[in-house]
Amino acid sequence: MAANVKIPVIILSGFLGSGKTSLLTRALKQPQLANSAIIVNEFGRMGLDHHLLSRVEERTLLVGGGCVCCSMREDLVNACMELLEDMQRGAKPRVDRIIVETTGLADPSPIWFTVLRHPVLQHHFHVESVLVTVDAVNGMLHLDSHDESIKQISAADRVIVTKTDIADGEEIERLRRRIGQLNPAAEVELTDSEDTKSARFFADNPDSVRSPRTRCAMAAADGGREGRSAEDGRNGSGGHTDATHSVSIRFDRPLDWHAFGLWLSMLLHARGTDILRVKGLLDLGGEGPVSLNGVQHIIHPPEHLDGWPDGRRTSTIVFIMKKVQPQQVTSSLLAFQHMLGAVPYVLETDLQFPY
Amino acid sequence: MCVLCGGFVVQEHWTEGRGSTGAASVTVGGGASRERQRDRRDRTAMANRILACYGLKLEDWNGSKYIVRDVKGSSEIVHDLGALWPAVEKLIKKTADPLDPALIGRLQQQQQQQQSGRP
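Line by line, the protein sequences are chains A and B. In terms of UniProt numbering, the first sequence is residues 1 to 355. In terms of UniProt numbering, the second sequence is residues 1 to 119.
Encoded structure:
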C-alpha cells in the first residue's frame, strides 16, 4: 500500500504543563481538523469530547530484548485497531488523521515504533510528524532539569513554543537557540493563547500529504544556515544537557547506500540508546534525495523525495547524541570514507573542536 | 524489527530498500529479481570489508539468508543487516562498534595496504 493512502498519525508530546491540551483544544475548534480522531491518555480532559476516540492508560508491552524504545504501546494498538475495524465496517467514516497526545513524561519513540512495526497497523497508518510543545516561560527550566524534556525535543519534527504572550522576547529567543542546538533538524514555531490558526500544526496543505516530513527533512538539510556561535553554546548548555550533542555532517559526493546502511545499522546496534535522533537527506546518486529518519534504534523506511531543497544536491545528516562525541562520529565516517565513496565534513556542531 | 532485539521478520529491513516513492512502477520480467541479487552481492562484498577486521566472513545463502562465519568454523545464520550485528557480537564476544578506535585503525591500515598494493 502506498504511503499516501495510509492514515497519518501525528504525535503530540511535550513536558508536563507545556500546553499540549490547550493547543489541541484550540486547534480542534477549527474546521480543518473536524475529521480527526484523538487519542489521549489522561482522564478528565475538557473540550475534546466530541473528537475523542479513546482515553487510554499508557500500557507498554516490551518486545524482544526489552529495550525501551522498541516497545509496543498496547493501549495505542487497541485503540487504533478498534478505529480501523469501525471504519472498515462502515460504522465510522474514514478519518483524515489520528492525533495521539502523550503524557508529559512520555518518550514518543514507542509510539513511533508501534505504528511502524505493528503487523497490522503498519499497513494502515504512518507517523506523519512528531510535535513537541515547549513552554516559553518554564521551557528552559525543564530542559535543564529533566532528561525527558530533552528526549522529547530530540524526537520532534516540529517544536511549538507555547505561551509566548506571557514570556519576554529575549527569553523566547534564548529558548529558540537552545532548541536549535539540541535538534537542528526541527522546525521551531511560536504560538500563544490568542492563536486562531493553531490547526496549521496538525493539518498541512491537504494536497501534499507528506509535506511536513519533507519540509522537516529540508530543514535538516538547511541546518547550517542559522550559524550558531560559540557564545550560543555557552549560553545554552547548562548542567544536565552537557551530555547531549548534535552534529550536522555533509558529504562531498554521493554515498554508497550499502556501505552507509552497514555503518548506520552497526552504529545503532552498538550505540542505539545514545543516538537519540538521526535525520537527513541522502544523495545516493539517484535523481532526488532519499530521506532518512530515525529515533533511537528505529529507522523509518527511507523514502524518495522528488527534488532537492533549493536545488542544492548534497547529503546532510543530523545526529543528536547522548554520551557520544561528534568527533567520534566524524572520525569513524572518515575511516569508512573509502567504502562510503564520499568524504564527510562537519557543517556545524554545538561543540567547538578543531578539524 | 529492532536492530538490538533482532528476532522475527515481519518486514523488510530498512537497509534493503533505498527509498520507495509509493508510486507504481513498471519492471521488465526478472528485472527486480536481478536488481535484488545484485544488491545482495554488493551488500555482502561491502560487509566483508568491515567483517575482515574481526576475522569474519559473510556469505549469501541461496538469496534468502546470510551466513556469517569465523575462522574457527563457528557460524550464525542471519536474515538481514539488522540481525547481522547481534550475530557478529555473538561470534566475537563483544559489540562491533563503528566508533571503536581499534576498528578505525584497522580500516585505515586496510586502506593503506590497498593503496600501496596498487601500481
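Glycine included, C-beta positions come from ideal geometry on N, C-alpha and C.
On the three-state DSSP scale, how would you describe residue i?
| i | result |
| --- | --- |
| G288/A | coil |
| H338/A | helix |
| R312/A | coil |
| Q111/B | helix |
| I166/A | coil |
| residue 365/A | Because chain A in this structure spans residues 1 to 355, residue 365/A falls outside the shown range and cannot be described. |
| L99/B | coil |
| R94/A | coil |
| R158/A | strand |
| G239/A | Since pLDDT at G239/A reaches only 40, below the 50 mark, its modelled position is unreliable, and no value is offered. |
| I196/A | The sequence shown places Thr at residue 196/A, not Ile. Note: T196/A maps to coil in three-state DSSP. |
| L116/A | helix |
| R271/A | helix |
| L71/B | The displayed chain sequence assigns Val, not Leu, to residue 71/B. It is coil, neither helix nor strand. |
| H304/A | strand |
| G18/B | Note on residue identity: the sequence assigns Arg, not Gly, to residue 18/B. R18/B: coil per DSSP, three-state reduction. |
| E12/B | coil |
| L48/A | Confidence at L48/A is low in this model, with a pLDDT of 46, below 50, so its placement is unreliable and the value that follows should be read with caution. The answer is coil: DSSP assigns L48/A none of H, G, I, E or B. |
Return the first residue and the last residue of the beta strand (DSSP E) that residue i is part of.
| i | result |
| --- | --- |
| G31/B | Counting along the chain, G31/B falls outside any beta strand (DSSP E), though it belongs to the alpha helix (DSSP H) covering 31–51. |
| H124/A | Run containing H124/A: none in the beta strand (DSSP E); it sits in the alpha helix (DSSP H), 121–124. |
| P8/A | 7–14 |
| E189/A | 187–190 |
Have a look at the DSSP bridge pairing and note the partners of residue i.
| i | result |
| --- | --- |
| W61/B | K65/B |
| K323/A | According to DSSP, which records beta bridges pairwise, K323/A is partnered with nothing at all. |
| K279/A | N293/A, V318/A |
| F251/A | P344/A |
| T133/A | G14/A, I160/A |
| L56/B | D70/B |
| I77/B | I67/B |
| I153/A | Its beta-bridge partners do not exist; DSSP assigns none. |
| V329/A | Paired residue(s): none; V329/A is not in a bridge. |
| H245/A | M321/A |
| I299/A | G294/A |
| I99/A | I10/A, I38/A |
| V127/A | V9/A |
What is the C-beta distance between residue i and residue j, in whole angstroms, given that I count them as a contact (C-beta under 8 Å)?
| i | j | result |
| --- | --- | --- |
| A155/A | V318/A | That pair is no contact at about 13 Å. |
| R38/B | L56/B | Not quite, the Cβ-Cβ distance comes to about 23 Å (not below 8 Å), so this is no contact. |
| N293/A | S246/A | Going by Cβ atoms, the distance from N293/A to S246/A rounds to 15 Å, so no, they are not a contact pair. |
| I98/A | I7/A | 6 Å |
| V100/A | I39/A | 5 Å |
| S198/A | L23/A | 6 Å |
| R73/A | I11/A | Not really, about 11 Å apart at Cβ, beyond 8 Å. |
| D107/A | E82/A | Rounded, the Cβ-Cβ distance is 24 Å, inconsistent with contact. |
| V290/A | R277/A | Not a contact, Cβ separation roughly 17 Å. |
| D60/B | Y54/B | Not quite, the Cβ-Cβ distance comes to about 19 Å (not below 8 Å), so this is no contact. |
| V324/A | R271/A | 6 Å |
| L84/B | A47/B | 7 Å |
| I104/B | S145/A | Rounded, the Cβ-Cβ distance is 36 Å, inconsistent with contact. |
| V77/A | L116/A | Incorrect: roughly 12 Å between the Cβ atoms, too far for contact. |
Less than 8 Å between CB atoms is the rule here; does residue i satisfy it with respect to chain C?
| i | result |
| --- | --- |
| S315/A | Chain labels in this structure do not include chain C; the protein chains are A and B. |
Terminal residues of the continuous alpha helix (DSSP H) containing residue i?
| i | result |
| --- | --- |
| L28/A | 20–28 |
| L105/A | Taken as a continuous stretch (DSSP letters only), L105/A belongs to no alpha helix (DSSP H), as it is neither H nor E. |
| D144/A | 139–145 |
With a threshold of 8 Å, are at least 3 pairs of Cβ atoms found where one atom belongs to the segment 138–147 of chain A and the other to the segment 10–25 of chain A?
The segment 138–147 of chain A makes contact with the segment 10–25 of chain A: 3 or more CB pairs, one atom from each, lie closer than 8 Å.
Taking contact to mean 3 or more Cβ pairs, one atom from each stretch, closer than 8 Å, check whether the segment 258–266 of chain A and the segment 89–105 of chain B are in contact.
With a cut-off of 8 Å on Cβ pairs, the segment 258–266 of chain A is in contact with the segment 89–105 of chain B, counting three or more such pairs.
At a cut of 8 Å, does the segment 195–203 of chain A reach the segment 33–41 of chain A through at least three beta carbon pairs?
In short, these stretches touch, since the Cβ pair count reaches three.
Any contact between the segment 115–134 of chain A and the segment 148–166 of chain A? By contact I mean 3 or more CB pairs, one from each, below 8 Å.
Contact annotation: the segment 115–134 of chain A touches the segment 148–166 of chain A, with at least three C-beta pairs closer than 8 Å.
Check whether the segment 315–335 of chain A touches the segment 294–305 of chain A, counting contact only when three or more Cβ pairs, one atom from each stretch, lie closer than 8 Å.
Segments in contact, no.
Say whether the segment 330–346 of chain A touches the segment 248–255 of chain A, bearing in mind that this needs 3 or more beta-carbon pairs closer than 8 Å, one atom from each stretch.
When C-beta atoms of the segment 330–346 of chain A are compared with those of the segment 248–255 of chain A, three or more pairs fall below 8 Å, so the two segments count as touching.
Within 8 Å, do at least three Cβ pairs link the segment 163–170 of chain A to the segment 271–286 of chain A?
Verdict: no, contact absent.
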